[in-house]
Amino acid sequence: MWFPLALDPIAFSFGAVKVHWYGLILGLGALAGLYLAVREGKRFGIPQEFFMDMLLLGVPSAIIGARIYYVAFTWDEYKNNIMDVFKIWNGGIAIYGALIGAIICAIIYFRYKGYPFWRVADICAPGLLAGQMIGRWGNFVNQEAYGGPASETFLRKTLNLPDFIVNQMYIEKDLAYHHPTFLYESLWSLAGIVLIMIIRRQRFVRSGEIFLSYFIWYSIGRFFIEGLRTDSLAFKGSNGLASFLNALWSPMKGLGFEQGYLNPDYGNIRTSQLLALLIILAAIVLIVIRRNTAAGKVHYLDPIIPTKRQTEGIVLTETADQADSSTPGPSAQPSELTDPPSEEEKKEH
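With positions in the sequence shown counted from 1, the corresponding number in our numbering is that position plus 662.
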């Protein structure tokens, strides 16, 4: 029997050191996000070094957060072998955990540098989507985070996917093709980038609303795409809540999709689906609250004014320069248009 050949997850090797496509793709996603942030930051006078340092601090924080989140929801797998918690190369990270880690890092870093969190977070929002859009292709190469079974006809004829994607979606251990959920999320992120780049130029957009809109957009897509997956983090909750989530997801069935299998012994509520709904509600509430407070008076297109920490050195330098320029040098001569000093002024000197 013929099986489609899967892509080699290893890009190249240096002796015993193997470089995986997954790491390269994640790195490319981070650079794409950095580029978008730097480009938009220039419009507001934020130096590119600020974003480069942010990336160097944010990536490790995101990885740590992603790992902690995953381990917290799969603790039974690690509680008897604690050292496995640190073996991140064996897999086991979650994007919501990565966002939590990155946001905590950003709050501290922005405060230290003297920039308002919401203003810079708005600038970074398209970059986050770009990183996720590209990063999901790492899951594609690794043949992970895929959805439930799908027919080859559906992939080739209905979705019109190219051969290299269809072949990679054939999971040999299952002897079946699967939904390319990585692609669904990647395209959803791309649409989000386009949408944000359009609305952020509108005067009605207030500070923080681009960043919160990112969470709303991503979480809507994640809710429906998560329902297709077969590897979801889950927990045992009330049957009523599980039925409610399934009812919200049911429009996908009208589009020809079926929910991915979720082992009832593992749980009946997908963690990411529930979290996505909570994030959507929280983001909407925050937008309403901020619009009715002083924060709502600041628009996205308004200039970003750093705090004293950023401007202190500039102010001191300008003051010194002004003092130097106002002090006449040894060769300074009175202006020809200046009246000569009076006799009384001479006596005062």
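Quick reminder that beta carbons are idealized off the backbone N, C-alpha and C, glycines included.
Unbroken beta strand (DSSP E) run spanning V947, endpoints: By one-based count along the sequence shown, residue 947 stands at place 285. Counting along the chain, V947 falls outside any beta strand (DSSP E), though it belongs to the alpha helix (DSSP H) covering 933–953.
E739: buried (16+ other C-beta within 10 angstroms of its C-beta) or exposed? Indexing the sequence shown from 1 puts residue 739 at position 77. By the 10 Å Cβ count, E739 comes out exposed.
Determine the DSSP secondary structure at R1017, reduced to helix, strand or coil. The shown model of the chain, from 663 to 1011, leaves out residue 1017, and the question about it has no answer.
Taking all protein chains shown into account, decide if A853 is buried (16 or more other Cβ within 10 angstroms of its Cβ) or exposed. Mapped onto the sequence shown, residue 853 falls at position 191. Flag for A853 reads exposed.
Supposed close pair L669, V803 - CB separation, criterion 8 angstroms: What you label residue 669 is simply residue 7 of the sequence shown in a count that begins at 1. What you label residue 803 is simply residue 141 of the sequence shown in a count that begins at 1. Indeed they touch by this definition, with Cβ atoms about 5 angstroms apart.
Compute the Euclidean distance between the alpha carbons of G922 and S900, then round it to the nearest angstrom. Translated into positions along the sequence shown, residue 922 becomes position 260. Translated into positions along the sequence shown, residue 900 becomes position 238. Distance between the alpha carbons of G922 and S900: 20 angstroms.
Rounded C-beta distance between F779 and I766? I'm assuming under 8 angstroms. Numbered from its first residue, the sequence shown carries residue 779 at position 117. Numbered from its first residue, the sequence shown carries residue 766 at position 104. Their Cβ separation, rounded to whole angstroms, is 11 angstroms, which puts F779 and I766 out of contact at 8 angstroms.
Which stretch, first to last residue, makes up the beta strand (DSSP E) that contains S675? One-based indexing of the sequence shown puts residue 675 at position 13. Segment 672–676, the beta strand (DSSP E) holding S675.
Secondary structure, alpha helix (DSSP H): runs of 4+ residues fully inside the region 883–924: 901–911, 913–916
Grab me the residues of I941's own chain with a C-beta within less than 6 angstroms of its C-beta, minus the 5 sequence neighbours each way, in chain order. Position 279 of the sequence shown, counting from 1, holds the residue named residue 941. Contacts found: F877, S881.
Cβ shell of R891 (< 6 angstroms), same chain only, five flanking positions each side left out: Here residue 891 refers to the residue found at position 229 of the sequence shown. Excluding residues within five positions, the ones whose Cβ falls inside 6 angstroms are G809, T843, G922.
Are the region 721–739 and the region 822–830 touching, with three or more C-beta to C-beta distances below 8 angstroms? no
Check whether the Cβ atoms of E847 and G889 lie closer than 8 angstroms to each other. The residue you call residue 847 lines up with position 185 of the sequence shown. The residue you call residue 889 lines up with position 227 of the sequence shown. It is not a contact, given that the beta carbons lie outside the stated cut-off.
Please report how far the alpha carbon of L936 lies from the alpha carbon of P709, in whole angstroms. The count along the sequence shown starts at 1 and reaches residue 936 at position 274. The count along the sequence shown starts at 1 and reaches residue 709 at position 47. Each residue's alpha carbon lies about 38 angstroms from the other.
What are the boundary residues of the alpha helix (DSSP H) that includes K704? Sequence index remark: in the sequence shown, residue 704 carries index 42 (1-based). 683–705 is the span of the alpha helix (DSSP H), which, as asked, contains K704.
Since G703 contacts I785 with CB under 8 angstroms, what's their CB separation in whole angstroms? Translated into positions along the sequence shown, residue 703 becomes position 41. Translated into positions along the sequence shown, residue 785 becomes position 123. Going by Cβ atoms, the distance from G703 to I785 rounds to 6 angstroms, so yes, they are a contact pair.
Assuming I750 is part of the alpha helix (DSSP H), what are its boundary residues? Looking up residue 750 in the sequence shown gives position 88. Here I750 belongs to no alpha helix (DSSP H), and DSSP marks it neither H nor E.
Strictly by DSSP, which residues pair up with P811? Within the sequence shown, numbered from 1, the residue matching residue 811 stands at position 149. BP columns for P811 point to H840.
Thinking just about the alpha-carbon of each residue, which of S912, I860, V782 is nearest to the one in I966? Within the sequence shown, the letter at position 304 stands for residue 966. Comparing Cα-Cα distances from I966 to each of S912, I860, V782, the minimum goes to V782.
Can you tell me which of the three DSSP states K680 falls into? The count along the sequence shown starts at 1 and reaches residue 680 at position 18. In this structure, K680 counts as strand in the three-state DSSP scheme.
Own chain partners of L686 with C-beta closer than 7 angstroms, once the 5 adjacent residues on each side are dropped: Along the sequence shown, read from residue 1 onward, the residue named residue 686 stands at position 24. Same-chain partners within the cutoff: A673.
What separation, rounded to the nearest whole angstrom, lies between the Cα atoms of E869 and Y962? By 1-based counting over the sequence shown, the position of residue 869 is 207. By 1-based counting over the sequence shown, the position of residue 962 is 300. Reading off the sequence shown, one finds Ser at residue 869, where the question assumed Glu. Approximately 5 angstroms, taken between the alpha carbons.
Judging by CA-CA distance, which residue of G929, Y928, A909 is the nearest neighbour of E920? Within the sequence shown, numbered from 1, the residue matching residue 920 stands at position 258. When only C-alpha atoms are compared, the closest one is A909.
I believe G800 touches Y684 by the beta-carbon criterion, under 8 angstroms. Please report the beta-carbon distance rounded to the nearest angstrom. Residue mapping note: residue 800 aligns to position 138 of the sequence shown, counting from 1. Residue mapping note: residue 684 aligns to position 22 of the sequence shown, counting from 1. Between Y684 and G800 the Cβ distance is about 4 angstroms, and since that is below 8 angstroms, they are a contact.
Return the Cβ separation of L874 and L948 in integer angstroms, given the expectation that the two are a contact with Cβ distance under 8 angstroms. Start at 1 with the first residue of the sequence shown, and residue 874 comes out as number 212. Start at 1 with the first residue of the sequence shown, and residue 948 comes out as number 286. At roughly 6 angstroms, the Cβ-Cβ gap stays under 8 angstroms, so L874 and L948 are in contact.
Residues of its chain near Q805, where Cβ-Cβ distance is below 7 angstroms and the 5 sequence neighbours each way are ignored: On the sequence shown, position 143 is the one that residue 805 refers to. Hits under 7 angstroms: A668, Q830, I833.
State yes or no: is the C-beta of G793 within less than 8 angstroms of the C-beta of G691? Indexing the sequence shown from 1 puts residue 793 at position 131. Indexing the sequence shown from 1 puts residue 691 at position 29. Yes.
Which residues in the same chain as R953 place their Cβ atom closer than 7 angstroms to its Cβ, once the five residues preceding and following it in sequence are excluded? Position 291 of the sequence shown, counted from the first residue, corresponds to residue 953. Here the set comprises R868.
Measure the Cβ-Cβ separation of A957 and D893 and say whether it is below 8 angstroms. Mapped onto the sequence shown, residue 957 falls at position 295. Mapped onto the sequence shown, residue 893 falls at position 231. No; because the gap between Cβ atoms is not below 8 angstroms, this pair is not in contact.
If we ignore side chains and look at the alpha-carbon of each, how far apart do I755 and T955 end up? By 1-based counting over the sequence shown, the position of residue 755 is 93. By 1-based counting over the sequence shown, the position of residue 955 is 293. Between I755 and T955, the C-alpha separation is close to 37 angstroms.
Please state whether DSSP places E974 in a helix, a strand or coil. For this step, residue 974 is matched to residue 312 along the sequence shown. At E974, the pLDDT of 46 sits below 50, so the modelled position is not reliable; the number obtained from the coordinates is stated separately. The answer is helix: DSSP assigns E974 an H, G or I state.
What residue range does the alpha helix (DSSP H) around W799 cover? Locating residue 799 in the sequence shown gives position 137, counting from the first residue. First-last of the alpha helix (DSSP H) with W799: 779–804.
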